[in-house]
Amino acid sequence: LLRRLRHAFDIDNKCDSNTLHALPAVSVDSWKPTILSVSLCTTDYHFEYTECDSSGSRWRVAVPNPSVECSGLPDPVRGKECTFSCASGEYLEMKNQVCSKCAEGTYSLGSGIKFDEWDELPAGFSNVATFMDTAVGSSEGKADSCNNSSWTPRGNYIESNRDDCTVSLIYAVHLKKSGSVFFEYQYIDNNIFFEFFIQNDQCKEMESTANKWVKLTDNGEWGSHSVTLQSGSNILYWRTTGILMGSKVVKPVLVKNITIEGVAYTSECFACKPGTFSDKPGASGCQVCPRDTYSEKGAKECTKCKEDMYYAEEGSSACIERPPCTSKDFFQIHTPCDKEGKTQIMYKWIEPKICREDLPDALTLPPSGERQDCPPCNPGFYNNASSSCTPCPPGTFSDGTQECKACPAGTEPVLGFEYKWWNILPGNMKTSCFNVGNSKCDGMNGWEVAGDHIQSGAGGSDNDYLILSLNIPGFKPPTSVTGATGSELGRITFIFETICSADCVLYFMADVNRKNTNVVESWERSKERQSYTHIISKNASFTFTWAFQRINEGQDSRQFINDVAKIYSITVTNAVDGVASSCRACALGSEQSGSSCVPCPPGHYIEKVTSQCKECPANTFLSIHQVYGKEACIPCGPGSKSTKDHSACFSDCLVSYAKDNQSLNYNFSNLSQVGSLMSGPSFTSRGTKFFHFFNISLCGNEGKKMAICTDNITDVTLKDMVAESEDFSNFVGAFVCQSTIIPSDSKGFRTALALQSNSLADRFLGATIETTLEGISIKADMFPPSPSKIPDVHFFYKSSTVTTSCENGRATVVTMRCNPNKPDQGELSVPSSCPAGTCDGCTFYFLWESAEACPLCTEQDYHEIEGACKKGFQETLYVWNEPKHCIKGVPLPEKKTSTCETVDFWLKVGAGVGAFTAVLLIALTCYFWKKNQKLEYKYSKLVMTTNSKECELPAADSCAIMEGEDNEEEIVYSNKQSLLGKLKSLATKAHPLLRQTQLLEVQKINIGNIASCLQLTWATFLADLRTIILSRIHLKRKHQLQPVAQHSSLLPFSGKQHQKSILFSAVDVMWIVACLN
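Numbering-wise (UniProt numbering), the sequence shown opens with residue 1 and increments by one.
Structure representation (structure tokens):
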């Protein structure tokens, strides 16, 4: 409105009186009261630049301050070019458009702005929290649950969220020229995703996502990150997303000192924040006030506190009253041993001392100087003349209580470190204190020695990190096993306990070659005295670190100073620069006395009698802990063989099984490639979807682990991974490994993320059909029963990685099942009762079904089928038994052709013989029937004649039997009739039982036995023939010797009996024909 008035009524004297009087009267009258009420502008305004035009020019204009109305503003003038900026420590004085130095108590970055004060969220920053898991829907309940998630200012830094919400810290800036953004951060937990990216005012990312993911930092280390900014609008995003697996709480991301360059000019200097000062003009930054001083905002110097009543930490904005001294303000230490072997107990105030001893109820420092006997030196050290412990020279050993002695001939020292007495801190150990938010404990001892243990110190605040570190430059196995290629080069074991009343945490970390520190294991809250072992499988320089933190909250309090962590002993084996507490037998170069130790070739043990190297037997591997004696060679498990150097056992994918006359041979070579399995979706407490991904290398490559799992949460490229595969901390190689997969449709990520990769199996134990091996078992009902009778083969693996929940390490069982319906690689699955592959987190089970898991085929797996005989040839085919449960092995025989005689030929022969037999039987029957009729007639006539003569026989010339004529009459009688006639007319009645018995025997004959049948039938026929002949002779004699009437009862047979005898003879003939058929 004022600008319009100025232009309309010539307030800036650019319009003459004629122009003014030319305006309509109504307009003048209507505006005149307003003009008269506005005062002239004096200091109630400031200058601003207009937007740059296409030529890069702009104007400087005067703008009244808010809620101020005045007139008479200075005229617009042409401003500095858009890319102009002042140097650091200067600001642009807008009135004269020249750079001037900042006054005392202020500072300037020149063309940049800096945010280093985080007592509250600075102006221009905003928090946006969302629940990004679109896979399970974003219901109102889930969205509302993230309302309390935000970045929280903590004084010197700002802290991210700790839950699984996605929270963005946003700042928008408009740059006149190209610039950059720089910030410091601490990011130690890979369970939270931290990304930094830039968008323009169209919400499009300004550059590729190559630098989107921020690298992890070591514990207590501040990293830095910088990105180039383009001119124009830039929206900066610091975004974190937590992944909560179980009840674990993630460590937040910390950010501080955000600096943005490229704002072109700064029209004013920034006042120094409280606790800092600037005592010279033109400062580009402020200095921190020293201890026991303080300053307010914009201070030129720091003010001292009244030291006897108040104190102040470094960088304080006010003095704090000193409290009365308590037992939490001092601690006890032991002095080094003196020449008399005594140590003194000393009490010291925790520095800096902040308490007062002159107040009521205040404690004073206890008297020091109490003398005690010094504990012995640690093993491998000896007490020298100055009563201090000194390492034993090379080739010698000591148990810590005696002088060092040389190892006997044929032995070598066992190198390592064993710290169990803590009178002084060992030379290869250091202690420190660190706090991410302040420097109060810098210079303090994080741990203090206490005789039989070392314990955490007091620190400056409860959230301090109390650090104890041990440096080992490398590892070297004993000389006798130098050539071995086992997976273990050394190990570190320590005994500890924690006593806490709050949520304290003890971290154990390992740094390899000073590149990256990884948390190996951690323990929360109080833990009883226990032992932990970590195996070293790589010969490199290691720095082992123990970090104790009483609470994780960002507050400078000292409420839990009595919470303490204690370490009683630390043992490291095979250390390069270690000392020896004992000696062990070694291999000698020759059997001569005094021969020096020599390294045994790989896979060789030391023979006890000769101390010479001998190779382990086949299918055994050499123990890394014991190489003395043949018992150092450990037999491989079932279904496995040893490597050439006997360093490990591996599977060649061939498994044999024999039991109860059953022999099965398996060949899993086609399944030796890495198999993959992704379990069903799982969800966090807030519903975030994730998967368990497994890679399985069933047989490996002669012991080499082929399954690889990699975390892709960091910005390490594939090229970097290949180049530094030995040191790549996110790379895991094993027989079985696991990763947690966050799908691309979850959490708003553009690609699936893999994290928490770990090994489940790094040692192969054996393959067998038994369900138990080396204490690892699989239940029969773990998987559904197999539809076939082929036994399953179980591959057993072990992992040496020890966790708090798995004291003996993890184990894995892969069950191979024959399933012809699943060809090629088949299908991998996990138990339905344990969808994550494990029910206890320690033992994992997998079922691999495939046709390739079937045994090799044998002769018992197929049968033959004979075809019909066609044209004198017959084909024999071989087919597999159904269903087929075998592969490869014995091939199916080819089709076989052989000569044969057709069934038609034998049918014709049988029909011909049967027809001939039937005709012969009919002819014989007719013939005997006709002859029998004649015989019956004669016999009837004879009977009638006898009855008519009153049973007297008529005299006959030739019928009487004279003395001496028997033989002739028999001969004459026999010659008159043929054999066939005798057969038809004679039958005996004297032997009916014999005939029936013979017929029964014939009926019992097994017709299948033709030879026996013919033999018995022929014998019966001869017996019948003999009976008939004898009966005929007997009848003839009876007729000659006595009358028939008198001996009618002795007649051999009647007419019916005679017919029956003839029928018997016919039956004999029929049996003969039947046998022939």
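Each residue gets a CB set at the ideal place from its N, CA and C atoms; glycine is no exception.
Please read these numbers as outputs of a predicted model, since none were measured by experiment.
- [ ] At 3 residues or longer, and completely inside the segment 284-338: list those beta strand (DSSP E) runs for me, N to C.
- [x] Entirely contained in the segment 284-338, the beta strand (DSSP E) runs reaching 3 residues are, in chain order, 330-334.
Task: With 16 other Cβ atoms within 10 Å as the buried cut-off, status of residue 562 - done: exposed
Open item on the list: Please list the terminal residues of the continuous beta strand (DSSP E) segment that includes residue 847.
Closed with: Taken as a continuous stretch (DSSP letters only), the beta strand (DSSP E) holding residue 847 covers 843-850.
Open item on the list: Is it the case that the segment 247-261 contacts the segment 273-293, given that we only count it when at least three CB pairs across the two stretches are under 8 angstroms?
Closed with: No, the segment 273-293 does not touch the segment 247-261.
Open item on the list: Output needed for residue 266: all residues of its chain with C-beta closer than 6 angstroms, excluding positions within five of it in sequence on either side, in chain order.
Closed with: 91 and 108
TODO: Assign residue 929 to buried or exposed, taking buried as 16 or more other Cβ atoms, counted over all protein chains shown, within 10 Å of its Cβ.
DONE: exposed
Open item on the list: Could you compute how far the alpha carbon of residue 425 sits from the alpha carbon of residue 560?
Closed with: Near 25 angstroms, if we compare the C-alpha coordinates of residue 560 and residue 425.
Task: Cα-Cα separation, residue 1115 to residue 212 - done: Nothing can be reported for residue 1115: it is not among the residues displayed for the chain, which extend from 1 to 1077.
- [ ] Look at residue 403 and residue 382 and say whether their C-beta atoms are less than 9 angstroms apart.
- [x] yes
TODO: Confirm, please, whether the CB-CB distance from residue 579 to residue 474 is below 9 angstroms.
DONE: no
- [ ] Could you spell out where the beta strand (DSSP E) holding residue 584 opens and where it closes?
- [x] Going by DSSP, residue 584 is part of the beta strand (DSSP E) stretching over 579-585.
TODO: Grab me the residues of residue 667's own chain with a C-beta within less than 7 angstroms of its C-beta, minus the 5 sequence neighbours each way, in chain order.
DONE: 653, 654, 856 and 888
- [ ] Assign residue 929 to one of three DSSP states: helix, strand, or coil.
- [x] helix
Task: N- and C-terminal bounds of the beta strand (DSSP E) containing residue 491 - done: 490-499
- [ ] Could you say which of 551, 148, 622 and 395 lies nearest to residue 1089 if we only look at CA atoms?
- [x] In the structure displayed, the chain extends from 1 to 1077; residue 1089 sits before or after that span and is not available.
TODO: Put residue 792 into one of helix, strand or coil per three-state DSSP.
DONE: coil
Open item on the list: Given this structure, state the Cα-to-Cα distance separating residue 509 from residue 95, to the nearest angstrom.
Closed with: Roughly 59 angstroms separates the two Cα atoms.
- [ ] Label residue 307 either buried or exposed according to how many other C-beta atoms from any shown protein chain fall within 10 Å of its C-beta, with 16 as the threshold for buried.
- [x] exposed
- [ ] Measure the Cβ-Cβ separation of residue 810 and residue 648 and say whether it is below 9 angstroms.
- [x] no
- [ ] Give the straight-line distance between the Cα atoms of residue 172 and residue 234, rounded to the nearest whole angstrom.
- [x] 6 angstroms
Open item on the list: Using a Cβ-Cβ cutoff of less than 8 angstroms, which residues in the same chain neighbour residue 346 once the five nearest sequence positions on both sides are dropped?
Closed with: Cβ contact annotation for residue 346 (same chain, cutoff 8 angstroms, sequence separation greater than five): 332, 333, 334, 335, 368 and 369, in chain order.
Open item on the list: On the DSSP bridge list, what partners appear for residue 153?
Closed with: 158
TODO: Using alpha carbons as the reference points, say which of 185, 191 and 178 lies closest to residue 264.
DONE: Among 185, 191 and 178, the Cα nearest to that of residue 264 is on 178.
TODO: Please state whether DSSP places residue 425 in a helix, a strand or coil.
DONE: Judged by DSSP in its simplified three-state form, residue 425 adopts coil rather than helix or strand.
- [ ] With hydrogens ignored, establish whether the beta-carbon of residue 148 is closer than 8 angstroms to any heavy atom of the ligand MG.
- [x] The ligand MG is not part of this structure, which contains no ligands at all.
- [ ] Rank 471, 899, 323 and 924 by C-alpha distance to the C-alpha of residue 571 and give the top, closest one.
- [x] For residue 571, the closest of 471, 899, 323 and 924 by C-alpha to C-alpha distance is 471.
Task: Residue from 657, 512, 641 and 588 whose Cα sits closest to the Cα of residue 609 - done: 588
Task: Inter-residue CB distance, residue 499 and residue 449 (contact presumed, cutoff 8 angstroms) - done: Contact flag wrong, Cβ pair sits at about 18 angstroms.
TODO: List the endpoints of the continuous beta strand (DSSP E) containing residue 818.
DONE: Unbroken beta strand (DSSP E) run through residue 818: 811-818.
TODO: Could you spell out where the beta strand (DSSP E) holding residue 179 opens and where it closes?
DONE: 179-186
TODO: Determine the direct distance from the alpha carbon of residue 900 to that of residue 917, and round the result to whole angstroms.
DONE: 28 angstroms
- [ ] Taking all protein chains shown into account, decide if residue 909 is buried (16 or more other Cβ within 10 angstroms of its Cβ) or exposed.
- [x] Label assigned to residue 909: exposed.
Task: Collapsed DSSP secondary structure at residue 230 in the structure displayed - done: coil
Task: Outcome for residue 546 when other beta-carbon atoms lying within 10 angstroms are tallied against a minimum of 16 - done: buried
Open item on the list: Taking the alpha carbon of residue 691 as the reference point, which residue from 753, 442 and 651 has its own alpha carbon closest?
Closed with: 753
Task: Span of the beta strand (DSSP E) around residue 174 - done: 166-175
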